[in-house]
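Colleague: Quick mapping for you: the protein sequence lines, in order, are chains Y and H. Taking this note's numbering, the leading residue of the first sequence gets -1, the next gets one more, and so forth. Taking this note's numbering, the leading residue of the second sequence gets 43, the next gets one more, and so forth.
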Amino acid sequence: MSELVKAGVRALAILGVALLIPAATPAWSQTQAQTQRRASEFSLANGMQVVVIPDRRAPVITHVVWYRIGGADNIAGQSGLAHFLEHLMFKSTGRLKTGELSNVVARLGGRDNAVTTHDATYYFQRLPKEHLKTAMTMEADRMRNLRLVDQEVATERQVVIQERRSVVDSKSLAILDELISAALYLNHPYRIPVIGWGPEIPKLSRELALEFYNRFYAPNNAILIVAGDVTEAEVRKLAQDTFGRVRPRAGLARPPRPAEPPQLAARRIELRDPRAGSLSMQRFYLAPSYKTAQPGEAEALDVLVTILGEGPTSRLYGQLVEDKSLAANAGASYSGVALDSGTINVYAIAGDGVKQAALEQGIDAVLAQFIKDGPSEEELEQAKSSLIASYIYSADNQASLAQRYGSNLVIGRTIADVEEWPARLGRVSAADVKQAAAKYLDLQSSVTGFLIPQAEASEAAAGEKRGEARQ
Amino acid sequence: MTRPVLRAVATCLSAVVGMLAWIGLAAAADIQQVRSPGGIAAWLVQERSLPIVTIRFAFEGGSAQEPAGKEGTAGLLAAMLDQGAGSLSGAAFQREMEKLATRISFDSDRDFFFGSFETLSANLAKASPLLKLAIDAPTLDPATLERTRAQFLARASLEAGDNNKLANAQWMAQSFAGHAYSRAIAGTPESIKVVTREDLAGYRTRILARRTLHVAAVGDIDAETLGKVLDDVFGALPAEPKLTAIADVKPAAVPKPTVVKFEGPQSVAIFGRQGVPRSHPDHMAALVVTQILGGGSSEARLVQEVREKRGLAYWVYSLLVTFKHATVLIGGVASPNEEVAKSLDLVRTEFKRLAEQGPTQQEVDGAKSFLIGSYVLSLDSNAKIAEQMLRSQLQGLGPDFIAERKAGLQRVTRADVVRVARSLLATDDLSVTIAGQPTNLAP
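1. What three-state label does DSSP hand H/Phe393 in the structure shown?
2. Quick one: Cα of H/Pro79 to Cα of H/Lys141, how far?
3. Please check if any C-beta of chain Y sits within less than 8 Å of the C-beta of H/Pro480.
4. Where does H/Ile234 fall in DSSP's three states?
5. Would the beta-carbon of H/Leu386 fall within 8 Å of that of H/Val331?
6. Quick one: is Y/Arg105 near chain H, going by C-beta distance under 8 Å?
7. Keeping to the same chain, check which residues put their C-beta closer than 7 Å to that of Y/Gly45; ignore five residues upstream and five downstream.
8. Flag this pair as yes or no: are the beta carbons of Y/Leu177 and Y/Ile267 separated by less than 8 Å?
9. Buried or exposed: where does Y/Ser392 fall if 16 or more other Cβ atoms within 10 Å of its Cβ makes it buried?
10. What's the C-alpha gap between Y/Val113 and H/Ala169?
11. Give me the chain H residues within the contact set of Y/Gln380, using Cβ-Cβ distance strictly less than 8 Å, ordered along the chain.
12. Can you tell me where the beta strand (DSSP E) holding H/Glu102 begins and where it ends?
13. In the stretch 150 to 175 of chain Y, which residues sit with their C-beta less than 9 Å from some C-beta in chain H, listed in chain order?
14. With a CB to CB cut of under 6 Å and the five nearest residues on each side skipped, what residues in its chain are close to Y/Leu83?
15. Let me know the secondary structure DSSP gives H/Gln437 once reduced to three states.
16. Under the three-state reduction of DSSP, which class applies to H/Thr469: helix, strand or coil?
17. For H/Ile488 and H/Phe159, which I take to be in contact (beta-carbon distance under 8 Å), what is that distance rounded to the nearest angstrom?
18. Could you pull out every unbroken alpha helix (DSSP H) segment of at least 4 residues lying fully inside the stretch 32 to 109 of chain Y, listed in chain order?
19. How close, in whole Å, do the beta carbons of H/Ala311 and H/Gly374 come, if the pair is a contact with beta carbons under 8 Å?
20. Given that Y/Thr311 touches chain H, what residues does it touch there, using C-beta distances under 7 Å?
21. For H/Glu392, which option in H/Leu361, H/His367, H/Pro299 and H/Val345 has the closest C-alpha, if you only look at C-alpha atoms?
22. State the start and end residues of the unbroken alpha helix (DSSP H) segment that holds H/Thr144.
23. By the criterion of Cβ-Cβ separation under 8 Å, what are the contact partners of H/Glu305 in chain Y?
24. Which word fits H/Gln308, buried or exposed, when buried means at least 16 other C-beta atoms lie within 10 angstroms of its C-beta?
25. If you follow the beta strand (DSSP E) that Y/Arg266 is in, where does it begin and where does it stop?
26. By the three-class DSSP mapping on this structure, what secondary structure does H/Asn165 have?
27. So which of H/Lys394, H/Asp149 and H/Lys410 has the shortest CA-CA distance to H/Arg456?
28. Enumerated in chain order, which unbroken segments of the alpha helix (DSSP H) with a length of 4 residues or greater are wholly contained in the stretch 256 to 336 of chain Y?
29. Can you have a look at Y/Ile386 and say buried or exposed, based on whether 16 or more other CB atoms are within 10 angstroms of its CB?
30. So, H/Val76 versus H/Leu268, is the Cβ gap smaller than 8 Å?
31. Quick check on H/Ser158: does DSSP put it in helix, strand or coil?
32. So Y/Gly447 is in the alpha helix (DSSP H); what residue range does that whole segment cover?
33. Check whether the Cβ atoms of H/Phe304 and H/Asn205 lie closer than 8 Å to each other.
34. Find the nearest neighbour of H/Gly243 within the set H/Asp442, H/Ile288, H/Asp262 and H/Leu187, judged by alpha-carbon distance.
35. Would you list the one or two residues that DSSP bridges to H/Ile312?
36. Quick check on H/Arg77: does DSSP put it in helix, strand or coil?
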């Protein structure tokens, strides 16, 4: 057993992470560190799920409410609605004035924000622990009592239009990303950007937002996560007094989503943009998510991308950047915490003077060899160790810890699924990784995108963009 | 595939915000002052609940110490130190770090050269010699340098496509013309191309020295063990650095907005002027003024007027940024090309309104309680505590910095805020840079 694995196992035991090491992998078989769960959960009478994650190092709490509704649940023509409603949730209720929730949190020394993803919408506050009840009271209030005024809705819509311009339209890589998603999914709504398409955001109205809110925002469609210096008993009492008083909605279910048909042909996208600095390539493959995968498959994908493309010791970096000087940077990642599908991303930024075809051939050669031979035992062991180390390090950050549980539970996974991840990772074999590579690094279900600095951009214009200013 | 879309952008989008004022206040962490047998000082917080040791350290230096024309030297050196040292090749060094689940990295801002070391405490004895190697005996291998240079060039060309970075860089360039702070912090394509291996080696021997070293450690380690690690890792460094003197400086006023042309639907405008330095008795009051004007709260006046009431921007902010030799009040806004002039008018109007009429008592109380209370959030992980302890040392504060900060903020009265706002929020010397294609700008 490597030093790291030993240290990692000890660390996990200290963290209270369940670790049931099977006998399948010799390197892991000697350890049977079985420890207690970290997080605990219960439900309120109105159906709201509650998870408590102890972290007693500082007198602060992270308070998050997750709704099981997101950008992929918007109906056609209303892209961006879930995200627009998220903005509007900071307007008034019967008790709270517009903006008051954030202002109260700020005055108490806290931070708040909200995020919309394809599968979920969540609202969080980070606060000194004595203010947990205040946060819960306000969050429970806006769960059913939102009031929207036309003028405020119109102004906020302008803010969202500006948001789209800032985070997408001004950034060539973000535009490419959006185009690739739209091509990767033929029918499933993961093809539609969460923030909404430019021409559709202006059509989002107060009525649409309220209709969405009245249908999906309720305690029986929500998960409360509290991480920090607090006990389960304290959270239970406070949750009953606040969220416990919110009426559930009958007939609540996530609407069925359009299904993805079989993918039969590779797709290609080329975006030419004068703002693009270097030639770069982004390839996305469809892959199962932790929710849709066969047991162990998603874990094998995590190991796969770590060996292929995580950091300077990875195959892509070693071969493309170090050995062949084809790329300035190269790597891979797996995005697997999603309801209906995951993706594998392989990317490279071209080296000086390297052409599109050479870059792509270089990447394909690395992938082909990996599919043929699979990983070495050393690579396998090292990748698992790195992943476990990341798991341990991320427990240093309370917000990341809360995020780990919330993002998994909101797609229907369990605390055990989250906490047994290191053990399941330990069971991944070289054959599993090889098989996952052969199955999912399949061009037929992929999109290859290139960002190309526009040829027409003259030297003078390029110089100006680098900051040679005129007054 | 989940792609989060944030509601409010973090306040520190801008490139010049590396040293943004730390906000907030916390339950006092139990900070020990440690001195190694060899005389190296550090601040330590023991925290046994995670099996991790985190060490952050810094040397005075930063990009301000780069020779003119060689901008990017410090950044390149930072990127090279963990890519081969002693008898270990770059790949071997990286593999060794992975085996030990240890993270070693280096970084540079305008004034300091930073190092970060994180390891599982069980692996400390094997991991700290790696850190020593990176500091004492980096290979600076020529082929690795060329690869790293290519990455820096790729990043520089990427940043040429970022209107926020362009507007910030232009603001620094014109406000500090003739001073080291005017130069591109990560280098320009031209300067990155001419930095040599000798430049990196020269910078390392000039800057990495014991007298200007500051260290903060947090985690599963006691004072005695830390002392030994300090001597092992840093003991062989020269005692004295060879620093070029950097003058204190104030930003020059450039009355007319400067436009950096950038294609796209939005313009990013950066506005700023002289701030109130940390050493000045009014510094805390200036933090309160800046918070009321455009701090990270939706209550802030700029956020209210530009975003909440008119929908002219997704993000707008103001910040007090403290460099070692300058302090600036700086802010930014991203608005449509045809509306950015209107946003800037609103910014000027809010400067004037707050300067002339002052804030309400409620605003002062709210800003103070935010600045005091939220500090705990910047001390809630080992990594953040180490970072705060290091920054506090670099700012010349003592280990009681948490209590001092709280007391300083509590002492600020509305009268102080009114007085400081009057001088801090002058608009006649407010310099503006814009990256975009703005229309309707005043001639």
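We put the CB at the ideal spot given by N, CA and C, even for glycine. As the structure is a computational prediction, the values presented were derived from the model and not from experiment.
Modeller: To lay it out plainly:
1. helix
2. 30 Å
3. no
4. helix
5. no
6. yes
7. Pro217, Asn218 and Pro246
8. yes
9. exposed
10. 38 Å
11. Arg137, Glu140 and Lys141
12. Ile94 to Glu102
13. Glu150, Ala152, Thr153, Glu154, Arg155, Gln156, Val157, Val158, Ile159, Gln160, Glu161, Arg162, Arg163, Ser164, Val165, Asp167, Ser168, Lys169, Ser170, Leu171 and Asp175
14. Ala207, Phe210 and Tyr211
15. coil
16. coil
17. Any answer about residue 488 of chain H is impossible in this case: the structure gives chain H only from 43 up to 485.
18. 79 to 86 and 98 to 105
19. 7 Å
20. Ala133, Gln136, Arg137 and Glu140
21. H/Val345
22. From DSSP, H/Thr144 is part of no alpha helix (DSSP H); its letter is neither H nor E.
23. Pro272 and Arg273
24. buried
25. Arg265 to Asp271
26. helix
27. H/Lys410
28. 295 to 307
29. buried
30. yes
31. strand
32. Element bounds for Y/Gly447: not the alpha helix (DSSP H) but the beta strand (DSSP E), Ser444 to Pro451.
33. yes
34. First, the amino acid is wrong: residue 243 of chain H is Ala here, not Gly. That would be H/Leu187, whose Cα lies nearest to the Cα of H/Ala243.
35. H/Gly374 and H/Thr475
36. strand
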